[in-house]
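Have a look at the structure below, then the notes.
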Amino acid sequence: ASPPRFAMLAVLSDIHSNVEALTVCLREIDRLQCKRVICLGADPAPGMIPYEALTREAPPPGAVASLQAAVSPDDVAFIIYTSGTTAFPKGVMLPHGQITRNMYEARVIQEELRADDRLLVVAPFVHVVGGMNSVVGMLHVGGCLVIMDRFDPEAVLRTIERERVTRFYGATAMFVDLLA
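Position one of the sequence shown corresponds to residue 38 (the numbering used here), numbered consecutively onward.
Spelled out as structure tokens, the structure:
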């Protein structure tokens with residue numbers, strides 16, 4: 038079987054410290070014949086594009102429309118690395134269409150996200166909550182993402198007040214820490 042088409046994709050973050058995960062990730066990138074690999078956070082491995090390089094200048098006229106036309110709902114949008122129950126990291130390929138439908142139904146419809154919502158994100162963008170639930174849900178409605186690079190209960194409470202956050206996705210332990 039031929040590998041899935043990619044427009045631009047495998048997003049990595051801080052896996053350099055986990056040699057096993059990095060090895061699996063690089064093997065998947067090679068196997069899937071990714072055209073472009075964007076690296077968030079850590080120093081990019083050879084051949085990867087640092088995210089900062091993408092944000093330095095605006096794309097040329099027509100580039101966004103051209104990329105959008107080249108991507109289908111079946112193309113892979115994210116490769117999420119999970120150890121599941123085996124404790125061995127595996128790449129799970131999630132296509133654009135599945136992500137869009139799932140996030141729309143789960144976040145926009147069930148939670149009634151609105152354009153005036155301000156969602157605080159502390160989960161890493163390589164995690165389903167940070168990279169998909171938060172970003173894609175807010176993209177659907179045009180809301181605002183308030184991004185923190187780590188969870189610190191006091192900093193989160195200050196940010197909620199200062200930024201007038203209306204929504205926060207967190208693990209149970211986070212909410213316990215916030216109430217402590």
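Where a beta carbon is used, it is the ideal one built from N, C-alpha and C, also for glycine.
Cβ-Cβ distance between residue i and residue j below 7 angstroms
| i | j | result |
| --- | --- | --- |
| P110 | H133 | yes |
| I136 | A114 | yes |
| A152 | G128 | no |
| P190 | D154 | no |
| M169 | F188 | no |
| V173 | M140 | yes |
Cβ shell of residue i (< 6 angstroms), same chain only, five flanking positions each side left out
| i | result |
| --- | --- |
| L182 | L156, V158 and M175 |
| F205 | L157 |
Simplified DSSP assignment, three categories, for residue i
| i | result |
| --- | --- |
| P132 | strand |
| R199 | helix |
| V173 | helix |
| V183 | strand |
| A114 | strand |
| L150 | coil |
| R93 | coil |
| F205 | strand |
| V108 | coil |
| G167 | helix |
| D214 | helix |
| P161 | coil |
| A38 | Since pLDDT at A38 reaches only 39, below the 50 mark, its modelled position is unreliable, and the value read off the structure follows with that caveat. Here A38 sits in coil by DSSP. |
| P98 | coil |
| P190 | helix |
Those residues which DSSP pairs with residue i across a bridge
| i | result |
| --- | --- |
| P87 | C76 |
| T119 | K127 |
| L156 | L182 and R204 |
7 angstroms CB neighbourhood of residue i in its chain, flanking five on each side removed
| i | result |
| --- | --- |
| P81 | P87 |
| A106 | none |
Own chain residues within Cβ distance below 8 angstroms of residue i, not counting five before or after
| i | result |
| --- | --- |
| R201 | R155 |
| T203 | D153, D154, R155 and L156 |
| A217 | P190 |
| M185 | L157, V158, V159, A192, V193 and T196 |
| A143 | N170 and G174 |
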